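Chains L and G, in that order, are what the protein sequence lines are.
Just so you know, we're using the numbering used here here: the first sequence kicks off at 1 and counts up by one.
Just so you know, we're using the numbering used here here: the second sequence kicks off at 1001 and counts up by one.
All C-beta atoms in this analysis are idealised placements derived from N, C-alpha and C, irrespective of residue type, glycine included.
From a predicted model like this one, the values you see are computed outputs, not experimental measurements.
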Amino acid sequence: MAVEHTRGMTMNIRQHITALVAAAMLLGCTSSAPGRGVYMLLDTSGTYTEHLNKAQSVVNYLLGNLTSGDSFAVARIDSGSFSEKDILMRATFDARPSVANDQKRSFKKTIDTFAGSARGASHTDITGGLLQAVEWLNEVGPGQKTVLIFSDMDEDLQKGQIRDFPLDLRGFHVVALNVTKLNKDNVDPRIYLDRLEHWKKRVEEGGGTWQVINDLERLDAIIQDT
Amino acid sequence: MPKAMMIWPGNPGLSIFVWAILAIVVMYAARIPAHQAIRGFTRVVAHTLRLAGHSLMDAQKRLALRNREVLLASGQELTERQIEQEFSRISTTIAKDLGTYPALHRKLSEQVASIDEDYRAATDSPPDPPAWTSAIGMTQQLVDKSGGDKTVGRVIEALHKGFMRAHAQAMGEYRKSSRTRHRLLSHMMPFWRRTASTLASVDKTVNGIVERSNHIDKLMEQYHEISKRSDRAERMLSTSAMTQFLISGLVLTIAVLGGFINFQLIALPMSEMVGASARLGSLKVSQVAALVIIMVEITMGLFLMESLRITRLFPVIGSMQDRNRRIMMWASLVILLVLASIESSLAYMRDLLAANNAALTQSLAGIAVQQPEFHWIPAVGQMTLGFILPFALTFVAVPMESFIHSLRVVGGNALEAALRLAVFACHLAGSLIHHLGSGLINTYDLAVFLPLKVEHLVLGVTASKTRRGKVPAA
C-alpha cells in the first residue's frame, strides 16, 4: 500500500515536472519582437524652418506606419545638438494598440506645437545630433535602427566644437531627407555633390548604410516591415 | 583531342584513326568478358527490380486485404450503429406512445361502452302516432254523417274532443321522446370523434413502427451482406466511403474558411489583451491566442457532440455512465457559451479598435475625424458573428468524423494504387534494363564488326578445310 502510494506520488511529481518543463519551453519560445527604431533629426537652422511642414508630413507618415513595440524619437538640430534637451519627443509604442494610438496622438500634438513655434538656430550641428541618435537607439535596442536627417546637410559648427572624428554607425541606416540645394550649390553643383559624398563616406566608414531621399513620395523606402 | 593523346601532333585525323584501331583491337580482345560483364550487370539490376516488384506486389496485396478488412469492418460497425439507433427509436416510440396502451385500451372501451349505452337509449320506440290520426279522422266523418241529430252529434263531438286531447298528449310525448333521442345521439358525437382521433394516433404510431421495421429489414440485409464479406458489399461500401470523403472534405473546407473568418475577427482585439509585439516563433502571441481560443471551441464542440452521442470519435466518452455524460455535455455547453460571449465582446472591441485606428489615420492625414453613419450596424454584425461562429464550428465534429473514417479507406486505396504503380514501374524498368543489356552487347559487336568479320572468315575457311580433310577419311 505504502509502495503504491509512493509510486503514485512519484508519478504525480513527474507529471508536474513535465508540465513545468513544457510550460518553460513554451515561455522560452515567447519573445518580444525587437521592433524598429527611428530617430528623426530636424534641421532648424536659418531658413530651413520653412520646410518644417514637410517634416510634419514625414512624422505623420511614420506615426501611421510604426506599430506596437517600435520606438520613435524626433529631435532638432541646432547649435549644439548632442544633448537630450534637443529631443522633442520620444516613445516606444505600447504593446496594446489602443495605448499606442494615444501615444501617437500625443506625439503628433507635440510636433505640431513645435512646428508652429520653431525658431531658426544660428549653427547646424549635424554630427552632434547623429551622435545623440546613435546613443538613444543603442539604449533602446531595436532590431532595425534608422536615423533620418531632415536637413540640407550643410554642417555649420560653432567655434571650438570638435566633430571631425570617426563615428560608430554599425547596424545603422542613415537617410538624408529633403536635402535642399543652397544658393552656392546652384553656382557650383559640385559643392552639393561633394557635400553628399562627404556624408556618405563618413557614414559608410562608420559601418552604416547611406541613402538620400529627396522625393518625399518615396517614404515607403525608409522603413521596412520587421 | 588532348595534346597528350596526339600520336602525330601535326595530324589529329591520323592520331584518332590509330586510337580507334587500338580501341577496336582491345575491345575485340575483351569481347567475351565485356559481354559477360554487361549481361551480368543488366541481369543483376533486372533481377533486383523484379524482386522489388514482387515484394511491392506482396505489399500491395496485403494492403488490399487490409483495406478490404477495414472497409468491411467500418461498414459493419456503421450498419450496427444504424440498426442500434433504429431499435432505440422504436423503443422510444413504443415507450412513449404504446407504453400507455392499457390506459388507451381502457379509454377506448369506456368510450365504446358509453356509445353503446347511448345507442340503446336512442332506440326505445315512441308511441305510434298514425293510429291516433286515423281514429280522429273516423270521428270527424261520424260527426259529418250524423246530420242533424243533436244528441248523437254531441256524443260524437265529445268523443272527437277526447280523441283530440289524447292525440295532442301522445304527440307531445312522441316529440319529447324524439328530443331525448336526438340529444343522446348528439351526445355520442364527441365520443365518436375522440375514438376516431385515438385510433388515428394509434394508426400513426403503428405505421411509424412498420416503416422503421422496413428500414431495419434493409439494414439487416445490408449487414448480412457485409457479414458474408461479399464483393457487392465491398463495392457498395467503397463507393459510399468515397462519397463521404468528398462531401465531408468539402464541408471541412467550408469549416476551415469559417474558422479563418473567426480568427480574423478576434486576432486584432487579442493584441489588446496579450500585446501586439510579443512573438511565439514567427507568429504573434495575439494570433496564437486567437488560434487557441478557436481550437478550444472546436474541442468543446467535439466533446459536446460526443456526449450527445452524435459522433463517436472518443469511445471513452461514449461508454460513460449517462449521468457523467450529461455532466460533460452541460460542462461543454457552458464553456462554449462563455467562449462565444468572449468572442462576441472581442468582436465588439475589434470594431472599437478599427474605429480608433481609422480616426488616428484621418488625424495623421490632416482630415477632420468623422464618425461614419450607421456605424453600429457592422458592430452588431460582428458581435452576432462572434457569438454564432463558435456554435457553428461545433458541428465540425460531424463531418470530421466522416472524414476520418472515410480517410482510412480512401487513403488505403490511394496507397494501394501507388503501390500498384510502383510494381508496374519496377517491372517495366527491369524489362528495359534486360533489353538494354542485349542492345549494349549488339552495339559492342557493332564497334568490333571488322575483326569479327575477319574472325568469321577465318573460322569459315578453317572449318571448310577441316571438312575437306575429313571427307576422304570418311
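In DSSP terms, what Val1458(G) is bridged to = Taking the second sequence and counting its residues from 1, the one referred to as residue 1458(G) is at position 458. Its beta-bridge partners do not exist; DSSP assigns none.
Proximity winner among Phe72(L), Ala221(L), Tyr61(L), Thr49(L), relative to Gly143(L) (alpha-carbon distances) | As a working note, residue 143(L) is residue 143 in the first sequence. Per the Cα distances, Phe72(L).
What is the residue span of the alpha helix (DSSP H) that Val1274(G) lies within?
-> Along the second sequence, one-based indexing puts residue 1274(G) at 274. Val1274(G) -> alpha helix (DSSP H) spans 1231-1274.
Going by the CB atoms, is the gap between Gly120(L) and Val47(L) shorter than 9 Å?
-> By one-based count along the first sequence, residue 47(L) stands at place 47. By one-based count along the first sequence, residue 120(L) stands at place 120. One point to set straight first is that residue 47(L) is Thr, not Val, in the sequence displayed. Between Thr47(L) and Gly120(L), the CB-CB gap stays under 9 Å.
Taking only runs of the beta strand (DSSP E) that begin and end inside the stretch 1275-1329 of chain G, which ones reach a length of at least 3 residues, in chain order?
-> With a minimum length of 3 residues, the unbroken runs of beta strand (DSSP E) contained wholly in the stretch 1275-1329 of chain G fall at 1278-1280.
If the cut is a Cβ gap below 8 Å, which residues of chain G does Arg105(L) touch?
-> Numbered from its first residue, the first sequence carries residue 105(L) at position 105. Simply Leu1360, Ser1363.
Would you tell me roughly how many angstroms separate the C-alpha atoms of Gln1264(G) and Arg190(L), rounded to the nearest one?
-> The residue you call residue 1264(G) lines up with position 264 of the second sequence. The residue you call residue 190(L) lines up with position 190 of the first sequence. Going by the C-alpha atoms only, they are around 55 Å apart.
Cut-off 7 Å between Cβ atoms - residues of its own chain near Val1274(G), not counting five sequence neighbours on either side | The residue labelled residue 1274(G) in the question sits at position 274 within the second sequence. Annotation for Val1274(G): Val1285, Ser1286, Ala1289 place their beta carbon closer than 7 Å to its own, counting only its chain and skipping 5 residues before and after.
Thinking just about the alpha-carbon of each residue, which of Arg1309(G), Ala1095(G), Leu1268(G), Ile1404(G) is nearest to the one in Leu1353(G)?
-> Numbered from 1 along the second sequence, position 353 holds the residue referred to as residue 1353(G). Measuring from the Cα of Leu1353(G), the nearest candidate turns out to be Leu1268(G).
Can you find at least 3 beta carbon pairs, one from the stretch 131-151 of chain L and one from the stretch 59-75 of chain L, that sit closer than 8 Å?
-> yes
Is Leu148(L) helix, strand or coil when you go by DSSP?
-> The residue you call residue 148(L) lines up with position 148 of the first sequence. Note: Leu148(L) maps to strand in three-state DSSP.
Answer with buried or exposed for Gly1366(G), where buried requires no fewer than 16 other C-beta atoms within 10 angstroms of its C-beta.
-> Sequence index remark: in the second sequence, residue 1366(G) carries index 366 (1-based). Gly1366(G) comes out exposed.
At least three beta-carbon pairs within less than 8 Å, the stretch 1412-1420 of chain G to the stretch 1368-1385 of chain G | no
Contact residues within the stretch 1260-1273 of chain G, judged by C-beta distance below 7 Å to chain L = Ser1271, Glu1272
Relative to the alpha-carbon of Met89(L), which residue among Thr124(L), Leu193(L), Phe82(L), Val59(L) has its alpha-carbon at the smallest distance?
-> One-based indexing of the first sequence puts residue 89(L) at position 89. When each option's Cα is compared against that of Met89(L), the closest is Val59(L).
Among Ser1341(G), Tyr1223(G), Leu1393(G), which residue has its Cα nearest to the Cα of Ile1298(G)?
-> By one-based count along the second sequence, residue 1298(G) stands at place 298. Of the candidates Ser1341(G), Tyr1223(G), Leu1393(G), the one whose C-alpha sits nearest the C-alpha of Ile1298(G) is Leu1393(G).
Local Cβ density within 10 Å of His1405(G), reported as buried at 16 or more and exposed below that = Position 405 of the second sequence holds residue 1405(G). Burial call: buried.
Does the beta-carbon distance from Ile222(L) to Leu52(L) come in below 9 Å?
-> Mapped onto the first sequence, residue 222(L) falls at position 222. Mapped onto the first sequence, residue 52(L) falls at position 52. No. Outside cutoff.
If I'm right that Val212(L) touches Val179(L) with Cβ under 8 Å, what's the distance once you round it to whole angstroms?
-> Position 212 of the first sequence, counted from the first residue, corresponds to residue 212(L). Position 179 of the first sequence, counted from the first residue, corresponds to residue 179(L). The pair is a contact, with the Cβ atoms about 6 Å apart (cut-off 8 Å).
Under 9 Å between the Cβ atoms of Thr127(L) and Arg76(L)?
-> Working through the first sequence from its first residue, we reach residue 127(L) at position 127. Working through the first sequence from its first residue, we reach residue 76(L) at position 76. It is not a contact, given that the beta carbons lie outside the stated cut-off.
Can you name the residues that DSSP bridges to Ser45(L)?
-> Walking along the first sequence from the start, residue 45(L) turns up at place 45. The partner list for Ser45(L) (beta bridge, DSSP) reads Ala121(L).
Mind listing the chain G neighbours of Ser68(L)? Cutoff is C-beta to C-beta under 9 Å, in chain order.
-> Here residue 68(L) is taken as the residue at index 68 of the first sequence, counted from 1. In chain order: Ser1271, Gly1275, Ala1276, Ser1277.
Please classify Ser1464(G): is it buried, with 16 or more other beta-carbons within 10 angstroms of its beta-carbon, or exposed?
-> Your numbering for residue 1464(G) matches position 464 in the second sequence. By the 10 Å Cβ count, Ser1464(G) comes out exposed.
Can you give the Cα-Cα distance for Met1295(G) and Leu1257(G), rounded to whole angstroms?
-> Within the second sequence, the letter at position 295 stands for residue 1295(G). Within the second sequence, the letter at position 257 stands for residue 1257(G). Going from the Cα of Met1295(G) to the Cα of Leu1257(G) covers about 14 Å.
Determine the chain L residues that contact Asn1357(G) at a beta-carbon separation under 8 Å, and present them in chain order.
-> What you label residue 1357(G) is simply residue 357 of the second sequence in a count that begins at 1. Pro97, Asn101, listed in chain order.
Where does the unbroken beta strand (DSSP E) through Ala73(L) begin, and where does it stop?
-> Translated into the one-based positions of the first sequence, residue 73(L) becomes position 73. For Ala73(L), the enclosing beta strand (DSSP E) covers residues 71-77.
What residues in the stretch 1063-1095 of chain G bring their beta carbon closer than 8 Å to a beta carbon of chain L?
-> Across the stretch 1063-1095 of chain G, no CB contact with chain L closer than 8 Å is found for any residue.
Within chain L, partners of Leu1353(G) - CB distance below 7 Å = For this step, residue 1353(G) is matched to residue 353 along the second sequence. Within 7 Å Cβ-Cβ: Pro97, Ser98.
Which residue comes first and which comes last in the alpha helix (DSSP H) that contains Gln211(L)?
-> The sequence position of residue 211(L) within the first sequence is 211, counting from 1. Boundaries for Gln211(L): no alpha helix (DSSP H) harbours it, while the beta strand (DSSP E) harbouring it runs 209-213, taken from the DSSP string.
Under 8 Å Cβ-Cβ, which residues of chain G neighbour Asn60(L)?
-> The count along the first sequence starts at 1 and reaches residue 60(L) at position 60. The contacting residues are Leu1364, Ala1365, Gly1366.
CB contact check: Leu63(L) to chain G, cutoff 9 Å | By 1-based counting over the first sequence, the position of residue 63(L) is 63. The beta-carbon of Leu63(L) is placed less than 9 Å from the nearest beta-carbon of chain G.
Is Leu1360(G) helix, strand or coil when you go by DSSP?
-> The residue labelled residue 1360(G) in the question sits at position 360 within the second sequence. In the structure shown, Leu1360(G) sits in a helix (DSSP, three-state: H, G or I).
Are the beta-carbon atoms of Glu1343(G) and Pro1378(G) separated by less than 9 Å?
-> Counting from 1 along the second sequence, the entry for residue 1343(G) is found at position 343. Counting from 1 along the second sequence, the entry for residue 1378(G) is found at position 378. Against a cut-off of 9 Å, the Cβ pair of Pro1378(G) and Glu1343(G) comes out as no contact.
Roughly how many whole angstroms lie between the Cα atoms of Leu1346(G) and Gly1386(G)?
-> Walking along the second sequence from the start, residue 1346(G) turns up at place 346. Walking along the second sequence from the start, residue 1386(G) turns up at place 386. Approximately 8 Å, taken between the alpha carbons.
Put Leu27(L) into one of helix, strand or coil per three-state DSSP.
-> Counting from 1 along the first sequence, the entry for residue 27(L) is found at position 27. Here the model assigns Leu27(L) a pLDDT of 48, short of 50, so the residue's position is not dependable, and the following value carries that caveat. Of the three classes helix, strand and coil, the one that applies to Leu27(L) here is helix, per DSSP.
Taking only runs of the beta strand (DSSP E) that begin and end inside the stretch 1399-1447 of chain G, which ones reach a length of at least 3 residues, in chain order?
-> Here no run is fully enclosed.
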